[in-house]
Amino acid sequence: MELKELYQEIILDHGKNPRNFGKCKDFTSDAKGHNPLCGDKVHIYAQLDKNKKILDLSFEGEGCAISLASASILTDILKGKDFNLAKAITDNFLNLIKENKSITLNSLNEDQKTTLMSLSGVKDFPMRVKCATMAWHTLSSVLEKK
Amino acid sequence: MELKELYQEIILDHGKNPRNFGKCKDFTSDAKGHNPLCGDKVHIYAQLDKNKKILDLSFEGEGCAISLASASILTDILKGKDFNLAKAITDNFLNLIKENKSITLNSLNEDQKTTLMSLSGVKDFPMRVKCATMAWHTLSSVLEKK
Amino acid sequence: MNIDQIKNNFPIFKKKINNKPLVYLDSANSSQKPKSVIDRMSYFYENEFSNVGRSVHSLAVTATNRFEETRDLVKKFINAKHREEIIFTKGATEGINLVANSFGEKYINEGDEIILTELEHHSNYVPWHYLRNKKKAVIKFAKINENLEIQIDEIKKLITNKTKIIAITHISNVTGGITPLKEIIDLASSKKIPVLVDGTQGAPHLKLDMQKLGCDFYVISCHKLYGPNGLGILYGKKKWLDEMPPYQGGGGMIDEVKKENITFAESPTKFEAGTMQTAEVVAFSESIKLIEKIGLDKISENENDVLRYGIDKIRKNNSINLVGDPKNKASVISFTLKGIHPHDIATILDDDGVAIRAGHHCCQILHEKIGMSATARASIGLYNTKEDIDILINAIEKCKKVFKI
Amino acid sequence: MNIDQIKNNFPIFKKKINNKPLVYLDSANSSQKPKSVIDRMSYFYENEFSNVGRSVHSLAVTATNRFEETRDLVKKFINAKHREEIIFTKGATEGINLVANSFGEKYINEGDEIILTELEHHSNYVPWHYLRNKKKAVIKFAKINENLEIQIDEIKKLITNKTKIIAITHISNVTGGITPLKEIIDLASSKKIPVLVDGTQGAPHLKLDMQKLGCDFYVISCHKLYGPNGLGILYGKKKWLDEMPPYQGGGGMIDEVKKENITFAESPTKFEAGTMQTAEVVAFSESIKLIEKIGLDKISENENDVLRYGIDKIRKNNSINLVGDPKNKASVISFTLKGIHPHDIATILDDDGVAIRAGHHCCQILHEKIGMSATARASIGLYNTKEDIDILINAIEKCKKVFKI
Ligand SMILES: Cc1ncc(COP(=O)(O)O)c(C=O)c1O
Ligand SMILES: Cc1ncc(COP(=O)(O)O)c(C=O)c1O
Numbered sequence: 013m014e015l016k017e018l019y020q021e022i023i024l025d026h027g028k029n030p031r032n033f034g035k036c037k038d039f040t041s042d043a044k045g046h047n048p049l050c051g052d053k054v055h056i057y058a059q060l061d062k063n064k065k066i067l068d069l070s071f072e073g074e075g076c077a078i079s080l081a082s083a084s085i086l087t088d089i090l091k092g093k094d095f096n097l098a099k100a101i102t103d104n105f106l107n108l109i110k111e112n113k114s115i116t117l118n119s120l121n122e123d124q125k126t127t128l129m130s131l132s133g134v135k136d137f138p139m140r141v142k143c144a145t146m147a148w149h150t151l152s153s154v155l156e157k158k
Numbered sequence: 013m014e015l016k017e018l019y020q021e022i023i024l025d026h027g028k029n030p031r032n033f034g035k036c037k038d039f040t041s042d043a044k045g046h047n048p049l050c051g052d053k054v055h056i057y058a059q060l061d062k063n064k065k066i067l068d069l070s071f072e073g074e075g076c077a078i079s080l081a082s083a084s085i086l087t088d089i090l091k092g093k094d095f096n097l098a099k100a101i102t103d104n105f106l107n108l109i110k111e112n113k114s115i116t117l118n119s120l121n122e123d124q125k126t127t128l129m130s131l132s133g134v135k136d137f138p139m140r141v142k143c144a145t146m147a148w149h150t151l152s153s154v155l156e157k158k
Numbered sequence: 002m003n004i005d006q007i008k009n010n011f012p013i014f015k016k017k018i019n020n021k022p023l024v025y026l027d028s029a030n031s032s033q034k035p036k037s038v039i040d041r042m043s044y045f046y047e048n049e050f051s052n053v054g055r056s057v058h059s060l061a062v063t064a065t066n067r068f069e070e071t072r073d074l075v076k077k078f079i080n081a082k083h084r085e086e087i088i089f090t091k092g093a094t095e096g097i098n099l100v101a102n103s104f105g106e107k108y109i110n111e112g113d114e115i116i117l118t119e120l121e122h123h124s125n126y127v128p129w130h131y132l133r134n135k136k137k138a139v140i141k142f143a144k145i146n147e148n149l150e151i152q153i154d155e156i157k158k159l160i161t162n163k164t165k166i167i168a169i170t171h172i173s174n175v176t177g178g179i180t181p182l183k184e185i186i187d188l189a190s191s192k193k194i195p196v197l198v199d200g201t202q203g204a205p206h207l208k209l210d211m212q213k214l215g216c217d218f219y220v221i222s223c224h225k226l227y228g229p230n231g232l233g234i235l236y237g238k239k240k241w242l243d244e245m246p247p248y249q250g251g252g253g254m255i256d257e258v259k260k261e262n263i264t265f266a267e268s269p270t271k272f273e274a275g276t277m278q279t280a281e282v283v284a285f286s287e288s289i290k291l292i293e294k295i296g297l298d299k300i301s302e303n304e305n306d307v308l309r310y311g312i313d314k315i316r317k318n319n320s321i322n323l324v325g326d327p328k329n330k331a332s333v334i335s336f337t338l339k340g341i342h343p344h345d346i347a348t349i350l351d352d353d354g355v356a357i358r359a360g361h362h363c364c365q366i367l368h369e370k371i372g373m374s375a376t377a378r379a380s381i382g383l384y385n386t387k388e389d390i391d392i393l394i395n396a397i398e399k400c401k402k403v404f405k406i
Numbered sequence: 002m003n004i005d006q007i008k009n010n011f012p013i014f015k016k017k018i019n020n021k022p023l024v025y026l027d028s029a030n031s032s033q034k035p036k037s038v039i040d041r042m043s044y045f046y047e048n049e050f051s052n053v054g055r056s057v058h059s060l061a062v063t064a065t066n067r068f069e070e071t072r073d074l075v076k077k078f079i080n081a082k083h084r085e086e087i088i089f090t091k092g093a094t095e096g097i098n099l100v101a102n103s104f105g106e107k108y109i110n111e112g113d114e115i116i117l118t119e120l121e122h123h124s125n126y127v128p129w130h131y132l133r134n135k136k137k138a139v140i141k142f143a144k145i146n147e148n149l150e151i152q153i154d155e156i157k158k159l160i161t162n163k164t165k166i167i168a169i170t171h172i173s174n175v176t177g178g179i180t181p182l183k184e185i186i187d188l189a190s191s192k193k194i195p196v197l198v199d200g201t202q203g204a205p206h207l208k209l210d211m212q213k214l215g216c217d218f219y220v221i222s223c224h225k226l227y228g229p230n231g232l233g234i235l236y237g238k239k240k241w242l243d244e245m246p247p248y249q250g251g252g253g254m255i256d257e258v259k260k261e262n263i264t265f266a267e268s269p270t271k272f273e274a275g276t277m278q279t280a281e282v283v284a285f286s287e288s289i290k291l292i293e294k295i296g297l298d299k300i301s302e303n304e305n306d307v308l309r310y311g312i313d314k315i316r317k318n319n320s321i322n323l324v325g326d327p328k329n330k331a332s333v334i335s336f337t338l339k340g341i342h343p344h345d346i347a348t349i350l351d352d353d354g355v356a357i358r359a360g361h362h363c364c365q366i367l368h369e370k371i372g373m374s375a376t377a378r379a380s381i382g383l384y385n386t387k388e389d390i391d392i393l394i395n396a397i398e399k400c401k402k403v404f405k406i
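Residue numbers (our numbering), protein chains in the order written: chain P, 13 to 158; chain C, 13 to 158; chain U, 2 to 406; chain V, 2 to 406.
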């Protein structure tokens with residue numbers, strides 16, 4: 013369990029300066045996530061078009077560095093993707109964190125992969141796994157609501 | 013803990029052939045006792061006169077040898093006594109069983125003392141103390157009701 | 002299977018009772034605990050203890066994992082479909098209170114009917130009695146036959162379109178009779194009536210499979226399953242638990258708390274208010290492991306051998322009367338002796354180191370029916386042998402001597 | 002008093018966390034257990050175990066005696082007037098649920114008012130919320146001041162002739178603030194309003210005297226008092242317990258059970274349904290013995306030393322913000338760091354073996370009021386030293402390094 017694996021530069025950066033924070037304009041679907049045990053909250057907004065594409069994506073929320081960074085990275089990576097791909101990336105990410113499987117998708121560029129992988133340090137901190145996954149579970153609700 | 017101290021000849025006799033069993037004629041006061049954990053029951057009937065004397069005394073009930081013998085001995089000994097004496101004997105008996113004090117009353121004859129003392133074997137069987145004392149507690153209620 | 006080896010796992014059997022080896026025939030009351038369970042609890046407190054689910058430090062992580070792993074073990078042990086169907090309670094009693102309260106609150110209204118049987122333990126009656134009073138509901142008792150068996154026809158007779166739940170024991174703690182559960186549950190399902198099974202006496206002796214059995218609720222007391230005191234399990238079908246309101250309120254079971262209103266977490270968290278008995282839960286995993294190591298089939302095979310041996314001996318003994326004669330039975334022998342009250346029997350047996358229970362066994366309805374205020378009960382656990390039965394019978398003979406009968 | 006000696010009684014301190022000695026500052030969540038408690042539980046299961054109050058054999062007698070002796074010990078420990086005023090529960094949460102349910106059932110009706118404070122733990126709010134819904138009662142929250150202190154004037158303001166109970170914490174689990182209980186209870190008594198005290202955080206730090214304090218109900222969690230999990234104590238004045246209906250229904254708490262009706266035993270039996278957590282009760286006697294051996298005055302003297310030392314150090318450290326500043330306080334230091342979320346603090350502290358809690362501590366009303374969704378909390382138990390505080394402060398400094406602040 014290495015602390016610096018958990019709090020990598022990328023995480024700290026996304027935690028302090030979350031991307032896509034706030035309500036995106038003309039959002040068509042949204043959902044909330046909440047971890048009652050610690051109080052972390054996330055609210056994801058998405059503008060979805062009829063061709064099953066995520067036109068815009070943003071979030072509001074409060075919580076630890078991990079949960080903010082996770083939501084920030086999610087919006088950054090999935091904005092502009094279409095549903096099925098977003099779903100596949102989400103599954104891939106959850107498998108990475110929960111089942112320790114490796115990321116297989118080559119739809120992500122190296123930069124995005126590195127960013128996503130920076131969240132994987134959480135694997136060794138079981139009590140923090142929920143912090144990293146909450147936004148992703150919430151995104152699934154957003155897409156299902158559509 | 014000697015079994016034969018508990019099941020003395022006198023106890024077995026009173027258990028098998030309880031004296032004063034049934035409702036006594038013209039009873040003026042009665043009370044019930046119940047041990048919900050084991051199901052033992054006793055119902056004591058007394059004919060009391062205005063001069064604070066127990067003219068007649070009887071009981072009904074079901075339970076183990078100890079509880080039947082105890083009720084039987086109680087009615088046998090206290091019938092005809094006046095209230096205060098009955099109360100004193102009851103206290104004496106409860107002190108004997110619960111606090112291991114010795115019987116001091118010389119209002120009882122030797123025979124009665126022996127009979128009463130035969131119940132004292134219960135001291136070494138804590139779970140059976142209630143069997144021996146229930147009738148006596150119930151008698152207190154009968155006398156208080158007057 | 003070598004019983005002596007199994008018995009060696011239970012430290013209490015090293016103890017002498019009135020200078021005699023302990024013959025423990027009171028497992029239906031509470032079973033003795035194997036060393037692995039006792040040691041697991043100590044180990045937990047000495048090495049892993051922390052409150053569960055609340056903190057993020059290492060001890061809390063370990064404790065939470067151990068706790069939740071046990072939930073998974075229990076799920077497998079009773080073959081539930083979802084881990085969220087497993088709720089830890091204080092005991093079977095709390096489990097039934099939870100259902101009567103929460104299910105009752107939501108689904109039972111004035112005039113609705115609850116079916117119990119005359120064999121039920123007070124734990125499976127008093128909570129429904131509260132509900133009867135609160136909701137003006139009706140309780141109907143299915144009659145048992147002369148062998149003191151539950152009969153499906155008697156239940157069938159009582160079912161109306163107002164029947165909202167059937168609450169029934171798996172094994173009687175007085176007769177040992179095994180309820181024909183599958184048939185009753187199938188009947189009830191066909192009429193869409195949920196069934197709660199009081200499995201307190203069932204779980205220690207019968208292999209459980211919730212998905213096959215198909216009951217809606219099943220309650221267990223871990224202390225009768227060679228586990229710690231103060232712990233029970235409530236199994237409930239997810240579809241009910243999702244809809245039922247919470248029971249006790251407190252920390253850990255909420256979603257969001259405001260001054261005006263409160264929303265709640267999902268099952269099982271919703272039903273586990275306040276700090277749980279973590280050490281007990283963790284240690285219970287060792288009970289399951291022991292049972293699975295020996296095998297429930299082997300356990301019940303041996304118990305049935307001892308039971309049949311005991312029943313045969315008693316039948317041959319004219320002075321002992323068996324209470325109840327169910328065809329299909331497990332573990333329990335209740336009996337009386339003419340002229341000797343069960344309490345006196347228990348005291349005299351104790352003098353020989355034999356521990357049995359005397360009384361109404363929390364089944365007053367049954368005892369009223371059979372016209373006895375008390376019976377004596379010997380009950381068999383995985384550590385009992387035919388020798389125990391021999392000692393029991395000898396001690397019973399001694400009762401007659403003491404009473405000069 | 003030599004803390005090292007005391008610490009030696011707690012086996013867990015032999016353990017290393019992430020290769021560092023354990024610095025346990027999470028006792029307000031749950032305290033660690035001394036060896037005497039752990040061993041008492043094992044000894045009980047290995048030598049004395051049987052179900053309590055139900056059988057008449059020797060083991061049952063021993064177990065019942067040990068169980069009831071502990072009730073006497075608790076009575077003395079909190080100076081209750083009668084042993085019947087001591088009820089064993091699953092925890093403080095169950096204690097409050099019991100009172101809200103049973104007292105509420107009988108004495109609280111539509112429009113009646115319940116006074117709580119903004120400092121209450123969810124355990125002392127959710128059960129009253131149920132009652133609010135069930136009975137259409139009203140809950141009023143007494144406002145706390147800027148130091149996050151409960152003030153008697155705010156309570157006074159809320160009292161009307163519809164006030165049926167005041168339920169209030171003894172010590173806040175977030176600020177450590179000690180409630181001016183005596184004044185509040187005297188005020189309430191003068192208006193004949195009963196008071197329930199949530200003593201979960203009070204009992205481990207303050208000497209209790211129920212007769213002097215004069216409250217009507219007082220709840221305790223034994224697991225925060227160096228005792229086993231899954232056990233709590235409800236103290237209630239006899240006059241209430243005699244009148245209140247039972248709570249859970251089951252074995253052991255009845256008087257007579259018939260098909261049409263049920264009558265109940267007296268307190269405490271009436272409130273102890275089903276098989277109790279005997280081993281935990283018996284082992285808890287060792288917690289009391291340890292506390293009395295050291296002396297609660299000495300315990301709190303040392304805890305206060307450590308607390309003051311910690312608060313001073315934190316005040317001198319510009320980057321740490323204290324949460325709440327009650328004049329009269331015990332054991333608890335809640336704090337935040339600018340730019341670092343409490344969860345991250347807890348994780349980083351854990352890397353140095355320091356166990357604290359982060360979150361809303363089951364006090365969402367309070368956290369909403371102060372506009373924070375979470376705080377970090379260090380809480381002090383009888384085994385903590387000033388050295389622990391030094392390690393804590395160093396670890397907090399490390400947080401800033403990890404976050405490059
Ligand atoms: C058939 C049955 N149901 C319920 C119970 C209650 O179990 P517990 O006391 O463990 O809650 C018992 C045990 O006494 C029992 O035998
Ligand atoms: C102030 C306060 N009240 C009530 C509780 C609930 O105690 P338990 O979870 O042991 O039932 C706690 C502990 O979390 C507490 O700190």
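Backbone N, C-alpha and C fix where the C-beta goes; we use that ideal spot for every residue, glycine too.
Since this is a predicted model, take the numbers as computed values, not measurements.
Does the separation of the CB atoms of U/Ile397 and U/Leu323 fall below 9 Å?
-> no
Please determine if the stretch 108 to 121 of chain U and the stretch 142 to 152 of chain U are in contact, where contact requires at least 3 C-beta pairs separated by less than 8 Å.
-> yes
Between the stretch 386 to 394 of chain V and the stretch 314 to 323 of chain V, do at least 3 Cβ pairs fall closer than 8 Å?
-> yes
Can you grab the Cα-Cα spacing for the pair C/Phe95 / C/Gly133, in whole Å?
-> 27 Å
If you measure beta-carbon to beta-carbon, which residues of the stretch 49 to 79 of chain C are closer than 9 Å to chain U?
-> Leu49, Cys50, Gly51, Asp52, Lys53, Glu74, Gly75, Cys76, Ala77, Ile78 and Ser79
Where the beta strand (DSSP E) containing V/Phe336 begins and where it ends | Val333 to Leu338
How long is the line joining the alpha carbons of U/Ile263 and V/Lys137, rounded to whole angstroms?
-> 15 Å
Check V/Ala204 in the structure and name its three-state DSSP category.
-> coil
So with Cβ pairs under 9 Å, would you call U/Glu150 a contact of chain V?
-> no
So, is the C-beta of V/Ile397 closer than 9 Å to a C-beta in chain P?
-> no
In chain U, what lies closer than 7 Å to V/Ile263 by C-beta?
-> Val127 and His130
Run the proximity test for U/Ala93: is its beta-carbon closer than 8 Å to any non-hydrogen atom belonging to ligand 1?
-> yes
What residues from chain U crowd round C/Phe137, counting only those whose CB sits closer than 7 Å?
-> Thr348
Among the residues of its own chain, which have a CB less than 6 Å from the CB of U/Lys177, if the five just before and after it don't count?
-> At residue 177 of chain U the sequence reads Gly, which differs from the Lys that was named. Around U/Gly177: Lys330, Ala331, Ser332 and Val333.
Which whole-angstrom value is the C-beta distance of C/Leu80 and C/Asn32, which I expect to be below 8 Å?
-> At roughly 11 Å, the Cβ-Cβ gap does not stay under 8 Å, so C/Leu80 and C/Asn32 are not in contact.
What residue from V/Thr376, V/Leu60 and V/Gln249 has the CA that sits closest to V/Lys271's CA?
-> V/Gln249
With 16 other CB atoms within 10 Å as the buried threshold, where does U/Glu86 fall?
-> buried
Mind checking whether the beta-carbon of U/Lys225 lies closer than 8 Å to any heavy atom of ligand 1?
-> yes
Compare the C-beta of U/Gly251 against all C-beta atoms of chain P and say whether one is closer than 9 Å.
-> no
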